[in-house]
Every structure is written in C-alpha cells, then in structure tokens.
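Below is one structure, written out as structure tokens, with a few remarks after it.
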Amino acid sequence: MAIACGGYALPLEGGGVLPPPGSFACEGAPTSDPAKINIEPGDPWARPGAETPRAAAETRTTVGFDPGAGAGPAPALNVNILALDLGTKTGYALRRRDGRMVHGTEEFTPRASWAPGQKWLRFRSWLSATITEHSITQIAFEDVKRHGPGQVLAAHAYGGFRAMLEMVADQHRVALVPFGVGQIKKHWTGSGVAKKDDMLMQAKVRGFAAVDDNNADALAILHLAIAKEKREWAAPPAKSKTRRTRKAGAVAHERTA
Numbered sequence: 001m002a003i004a005c006g007g008y009a010l011p012l013e014g015g016g017v018l019p020p021p022g023s024f025a026c027e028g029a030p031t032s033d034p035a036k037i038n039i040e041p042g043d044p045w046a047r048p049g050a051e052t053p054r055a056a057a058e059t060r061t062t063v064g065f066d067p068g069a070g071a072g073p074a075p076a077l078n079v080n081i082l083a084l085d086l087g088t089k090t091g092y093a094l095r096r097r098d099g100r101m102v103h104g105t106e107e108f109t110p111r112a113s114w115a116p117g118q119k120w121l122r123f124r125s126w127l128s129a130t131i132t133e134h135s136i137t138q139i140a141f142e143d144v145k146r147h148g149p150g151q152v153l154a155a156h157a158y159g160g161f162r163a164m165l166e167m168v169a170d171q172h173r174v175a176l177v178p179f180g181v182g183q184i185k186k187h188w189t190g191s192g193v194a195k196k197d198d199m200l201m202q203a204k205v206r207g208f209a210a211v212d213d214n215n216a217d218a219l220a221i222l223h224l225a226i227a228k229e230k231r232e233w234a235a236p237p238a239k240s241k242t243r244r245t246r247k248a249g250a251v252a253h254e255r256t257a
C-alpha cells in the first residue's frame with residue numbers, strides 16, 4: 001500500500017512511485033507548500049509551564065516579598081516598580097520582573113559650590129538614569145497632603161521634588177501611583193501613625209538592611225505597591241464628609257439680636 005508522505009514522488013519496492021506533489025502530507029511531515037495541512041509552526045508557549053514565567057526565588061534582601069509564600073504559586077509581576085520617599089535624602093526601592101531588588105538612599109543636599117538649581121538637575125538626572133537602566137514602568141511615591149508646623153522648608157523641598165518626578169515620569173511615559181502616608185504606615189507596621197523608628201525596625205524584621213528611615217519608607221511604599229499590583233490590597237472607600245451646622249443656641253441668639 002502506497003502512502004503519500006510529504007507530497008514527494010518516491011520510488012517503491014516492486015515498482016511504482018508515491019503520488020506526485022500536491023497530495024496531503026502525512027502526520028508529522030514538514031512541508032512549505034501552503035496547500036498542505038501542517039504548515040503552521042509549533043506554538044513555543046504550548047509546553048507546560050511556559051505560559052507564565054515564575055518570579056525568581058527570594059534572596060536575603062527580598063525576604064519580605066516571597067513569590068512562593070502561601071497556598072499555590074503567586075502570580076509573577078509584569079511590571080518594574082520603583083518606590084520613592086521624596087526629599088533631600090530620597091529613599092528608593094525597586095523591584096524588577098525577575099524578582100531582583102535594589103534599595104537605598106540618594107542624597108541631594110546642596111553644597112556650597114552648587115548653583116541653586118543643581119539639586120533639581122541632579123535629581124532629574126539620577127531619576128532618569130534609574131528609569132532607563134531598570135526599565136521602570138511604574139513609580140509609587142508618598143503623597144504628602146500637609147506638613148506640620150514649622151516645616152515650611154520641608155514643604156518647599158517636597159513640592160520641588162514632586163514636580164521633577166512628575167516631569168521625568170511624563171518624559172519616560174511611566175505611570176505614577178500615589179499612596180497616602182497613613183496607608184503606607186498601616187500596611188507596613190499595622191499602625192497608621194507609626195514613627196520613623198517603627199518603620200526602620202519593621203524593615204529589619206523583614207530582613208532588609210535599610211540604611212536609614214528614608215530607605216525604610218521606600219521599602220514600605222514598594223511593599224504596598226506590590227500588594228496593589230497583585231490585587232491583595234485596595235484603597236478603603238473615602239469617608240463621606242458631614243456638613244457642619246451651627247448649634248441651635250447660636251442661631252437663636254442671632255434671631256433675638
């Protein structure tokens with residue numbers, strides 16, 4: 001019995017040949033003829049385990065972000081996240097898709113030889129280089145709504161660094177994700193009013209060698225950003241503002257006046 005395989009005319013024992021080109025290829029026989037049935041290349045993602053790459057195993061510095069903790073495999077993040085604690089001493093922490101982490105504190109304290117704009121130029125240059133080097137796709141930062149009394153200079157500095165952050169992020173088409181101060185502290189320590197020492201201690205408990213409280217704050221911001229990306233955390237609904245009314249006694253006093 002002659003079977004057409006590959007569409008080629010081949011000699012057979014005892015005489016005769018296989019059918020000429022144009023016949024359908026048998027199963028598993030490659031062919032470049034568009035009329036054949038097996039012209040599609042194999043799907044490289046069809047093999048088991050190739051659909052979703054798994055995050056790399058944790059190291060000492062990533063003990064707080066175990067991709068395999070809990071029941072079942074954790075989903076791998078498909079973003080490179082940079083967390084920033086903005087200020088003259090900017091704390092930073094970044095996590096890449098492969099699970100690698102880098103964290104520390106970058107200082108922009110002005111020197112006597114610096115021109116007034118040097119601080120902003122250096123911050124912009126450092127941030128742009130960091131985004132490019134690590135292919136950052138998302139930047140999480142602390143959204144400070146108010147500063148305490150006597151912190152005018154701190155407020156000015158924060159406003160300047162935030163303006164530069166927004167400008168550089170827009171240039172690189174990087175998404176910005178703000179988090180409230182209380183949200184960061186509560187997610188990191190369990191208390192929304194945690195102090196600097198509490199933030200630093202929690203970083204050490206989680207296995208991070210944070211150099212200062214700015215670095216610890218950045219790690220806390222990154223921890224919250226990762227939880228949000230994995231959909232393990234969501235911002236609580238905003239509380240409805242109650243309208244303040246004057247006391248009945250004050251209204252009555254005005255009417256009799």
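Those letters in the sequence shown? Residues 1 to 257, per UniProt numbering, in order.
Backbone N, C-alpha and C define an ideal beta-carbon position, used for all residues, glycine too.
Apply the 10 Å Cβ neighbour rule to residue i and answer buried if 16 or more other Cβ atoms are within range, or exposed otherwise.
{"i": "K239", "result": "exposed"}
{"i": "K195", "result": "exposed"}
{"i": "N215", "result": "buried"}
{"i": "D98", "result": "exposed"}
{"i": "D170", "result": "exposed"}
{"i": "W114", "result": "exposed"}
{"i": "V193", "result": "exposed"}
{"i": "A140", "result": "buried"}
{"i": "N78", "result": "exposed"}
{"i": "L153", "result": "exposed"}
{"i": "K185", "result": "buried"}
{"i": "K228", "result": "buried"}
{"i": "K119", "result": "buried"}
{"i": "T59", "result": "Any answer about T59 is weak, because its pLDDT of 36 lies below 50 and its placement is not dependable; what the coordinates show is given next. Label assigned to T59: exposed."}
Would you tell me roughly how many angstroms separate the C-alpha atoms of residue i and residue j, rounded to the nearest one?
{"i": "L84", "j": "Y158", "result": "12 Å"}
{"i": "G104", "j": "F208", "result": "10 Å"}
{"i": "A93", "j": "L222", "result": "6 Å"}
{"i": "V211", "j": "P236", "result": "31 Å"}
{"i": "H172", "j": "V102", "result": "20 Å"}
{"i": "A112", "j": "G150", "result": "24 Å"}
{"i": "E106", "j": "M199", "result": "18 Å"}
{"i": "R146", "j": "V181", "result": "10 Å"}
{"i": "P110", "j": "D213", "result": "20 Å"}
{"i": "P116", "j": "W126", "result": "17 Å"}
{"i": "R231", "j": "K204", "result": "25 Å"}
{"i": "G190", "j": "R206", "result": "14 Å"}
{"i": "E133", "j": "V177", "result": "20 Å"}
{"i": "G148", "j": "L82", "result": "27 Å"}
Is residue i near residue j, with beta carbons less than 8 Å apart?
{"i": "F108", "j": "R95", "result": "no"}
{"i": "E142", "j": "D197", "result": "no"}
{"i": "F161", "j": "T90", "result": "yes"}
{"i": "F188", "j": "A220", "result": "Residue identity differs from the one stated: residue 188 is Trp in this sequence, not Phe. Cβ distance < 8 Å, so W188 and A220 count as in contact."}
{"i": "Q138", "j": "A175", "result": "yes"}
{"i": "N80", "j": "S135", "result": "yes"}
Report the residue from the options whose alpha carbon sits nearest the alpha carbon of residue i.
{"i": "I131", "options": "V168, K119 and K230", "result": "V168"}
{"i": "A163", "options": "G148, Q151 and V144", "result": "V144"}
{"i": "H156", "options": "G87, K228 and E229", "result": "G87"}
{"i": "E166", "options": "R124, Q183 and G148", "result": "R124"}
{"i": "A234", "options": "W126, Q183, R100 and E133", "result": "Q183"}
Legend entry - Length-filtered (4 minimum) alpha helix (DSSP H) runs lying within the segment 165–190: If one requires a minimum length of 4 residues, the alpha helix (DSSP H) runs lying completely within the segment 165–190 are 181–189, in chain order.
Legend entry - Whole alpha helix (DSSP H) elements within the segment 95–143, 4-residue minimum: Within the segment 95–143, the runs of alpha helix (DSSP H) that reach at least 4 residues and sit entirely inside it are, in chain order, 118–134.
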